[in-house]
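Each remark here refers to the structure printed beneath this line.
Protein chains: 2
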Amino acid sequence: MRPKNLEKEQAIKSVALQLIAEEGLENLSMQKLAKAANISPRTIYLKYADKDDLLIKLYIEEVLGAYEAAITEGLHDNMTFEEGVKHIWMKSFEYYKTNQPAFALMLYGKSSPLLNKAFQEMNIKEGQYFAPIHQFLELQVKKGKIKDFPFTVQRALLFAPLTDLINEYFEHINRSGQPVTPQILMAACETVIDGLLKK
Amino acid sequence: MRPKNLEKEQAIKSVALQLIAEEGLENLSMQKLAKAANISPRTIYLKYADKDDLLIKLYIEEVLGAYEAAITEGLHDNMTFEEGVKHIWMKSFEYYKTNQPAFALMLYGKSSPLLNKAFQEMNIKEGQYFAPIHQFLELQVKKGKIKDFPFTVQRALLFAPLTDLINEYFEHINRSGQPVTPQILMAACETVIDGLLKK
DNA sequence: ACAAAGTAAGTAAATGTTTATTTACTTACA
DNA sequence: TGTAAGTAAATAAACATTTACTTACTTTGT
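So the protein lines, in turn, are chains L and E. Okay, so the first sequence: first residue is 1 according to the numbering used here, each after it adds one. Okay, so the second sequence: first residue is 200 according to the numbering used here, each after it adds one.
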């Protein structure tokens with residue numbers, strides 16, 4: 001039996017993410033992807049059932065999974081609230097800075113009904129994504145350190161600005177006057193931390 | 200000369216937004232739109248040069264323009280920082296609650312390169328979008344009331360969580376346990392306000 | 001007061017292209 | 001040599017956009 005070429009498997013994923021980042025999800029086609037990855041369209045269908053399957057797996061595994069792994073690495077329950085949140089902000093920035101195409105598809109996850117639905121279903125079937133963060137925040141509430149909001153609200157308050165700032169970072173990456181420097185990012189992080197503290 | 204039917208003009212816009220919200224920008228086609236709006240494909244081309252032109256105008260005029268008008272109405276420079284930010288949060292929530300399709304396309308504006316680019320160019324040509332908010336925040340900085348961040352950073356800290364929360368609101372609208380109630384929203388708003396205050 | 005001419009708004013159907021996916025074949029290795 | 005991995009080319013459907021025509025109203029000459 002002919003062994004599978006892992007380079008081709010990887011090429012499909014990374015070229016797909018690249019094309020999505022450059023031209024948008026709405027302009028990705030299987031034939032364009034095959035040509036750009038230097039493979040036959042059929043090869044994609046050996047690994048994915050159809051286009052939706054490819055997009056969903058790309059989003060769940062390459063984007064959400066890889067991101068979760070990157071930011072939860074080194075996150076411990078014995079960290080203070082400040083340390084934990086700063087850890088996630090820093091790791092997120094570092095991760096996406098070197099994985100811009102993953103960031104682009106992550107953003108599409110917030111708008112595309114296909115990806116959105118896939119995320120909801122995955123969350124139900126496989127247990128909460130970002131469970132370590134959920135757990136970390138729950139502990140801080142129990143300690144009386146931070147305000148007791150539902151998890152989704154805490155997530156919005158602590159991390160929605162971060163996504164916006166990383167987006168801003170990329171938009172200014174080839175221009176003068178980058179507003180998102182590491183110092184600004186840390187100051188912004190301290191701002192969201194301070195807001196959520198119980199006074 | 201036969202007068203134009205304004206209902207059809209309006210139908211194109213509202214049906215397009217609806218289809219995008221339901222099936223995603225990546226699944227919108229001109230023929231589908233024509234059929235859903237009960238018009239001929241040609242009619243769309245009488246009002247828009249091509250598909251990109253339609254999407255860009257929909258995004259800039261119907262989504263960003265209408266939203267800006269909705270939230271800046273009643274925003275005055277003599278409001279306190281707290282009043283101003285709460286005003287924008289409340290108006291935003293009210294506006295999007297009754298314009299979910301506009302919210303869906305607004306989200307695509309953050310991911311789609313086409314819409315993103317259109318927004319940048321519009322901002323350069325026509326002057327800053329959300330200028331009243333820019334001006335309001337600048338005044339608060341001058342007064343020494345809030346931390347002096349670049350505008351984009353202030354926007355991220357004050358309003359990115361709001362977008363996330365409205366999204367969350369829609370995702371729970373037909374389910375039990377809605378986490379985004381008006382009270383929670385106001386408490387979250389107070390949290391972002393508190394974070395940005397100069398201490 | 002009124003019909004008929006002029007015209008932009010509108011339509012149905014066609015255009016050529018691109019799409020997702022499949023068929024029929026070839027390749028490279030265990 | 002058997003077989004899964006891979007390919008090039010084909011298929012049918014859907015796509016953006018256009019063509020050739022009709023409609024419905026305004027204008028104009030009477």
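Note that beta-carbon positions come from the ideal geometry of N, C-alpha and C, so glycine has one too. Since we're looking at a predicted model, the values are computed, not measured.
- Message: Please state the DSSP three-state secondary structure of residue 338 of chain E.
- Response: helix
- Query: When DSSP labels each residue in this structure, what does residue 227 of chain E get in the three-state scheme?
  - Reply: coil
- Task: Consult DSSP for residue 197 of chain L and reduce its assignment to one of helix, strand or coil.
- Result: strand
- Message: For the ligand HEM, is there any heavy atom lying closer than 7 Å to the beta carbon of residue 267 of chain E?
- Response: Judged by which ligands are present, the structure shown has none, so any question about the ligand HEM falls away.
- Task: Could you run through the region 125-147 of chain L and flag, in chain order, every residue whose CB is less than 9 Å away from some CB of chain E?
- Result: 147
- Taking residue 237 of chain E as the reference, which of E/215, E/349, E/220 has the closest Cα? E/215
- Query: From this set, E/200, E/398, E/241, which residue's C-alpha is nearest residue 211 of chain E's C-alpha?
  - Reply: E/241
- Message: Counting only Cβ pairs nearer than 7 Å, list the residues of chain L close to residue 395 of chain E.
- Response: 191
- Given 8 Å, three or more beta-carbon pairs between the region 260-280 of chain E and the region 125-133 of chain L: no
- Task: Report the neighbours of residue 366 of chain E on chain L: residues whose CB is nearer than 8 Å to its CB, in chain order.
- Result: 110
- Query: Does the distance from the C-beta atom of residue 196 of chain L to that of residue 143 of chain L stay below 8 Å?
  - Reply: no
- Does residue 113 of chain L get closer than 8 Å to chain E when you measure Cβ to Cβ? yes
- Leaving out the 5 sequence neighbours to the left and right, which residues in its chain are closer than 7 Å to residue 217 of chain E when beta-carbon positions are compared? 300
- Query: Quick one: which chain L residues come within Cβ less than 7 Å of residue 216 of chain E?
  - Reply: Per Cβ cutoff of 7 Å: no residues; residue 216 of chain E is ~13 Å from chain L at best.
- Message: Would residue 311 of chain E and residue 26 of chain L qualify as a contact pair, given that the criterion is a beta-carbon distance under 8 Å?
- Response: yes
- Item | Length of the line joining the Cα atoms of residue 357 of chain E and residue 337 of chain E | 14 Å
- Message: Our contact map puts residue 387 of chain E next to residue 165 of chain L with C-beta atoms below 8 Å; I'd like the distance itself, whole angstroms only.
- Response: Incorrect: roughly 18 Å between the Cβ atoms, too far for contact.
- In this structure, does DSSP put residue 173 of chain L in helix, strand or coil? coil
- Query: What are the start and end residues of the alpha helix (DSSP H) that includes residue 77 of chain L?
  - Reply: Per DSSP, residue 77 of chain L belongs to no alpha helix (DSSP H) and is neither H nor E.
- Query: Which of the residues in the region 41-53 of chain L, read from start to end, lie with their CB under 9 Å from any CB of chain E?
  - Reply: none
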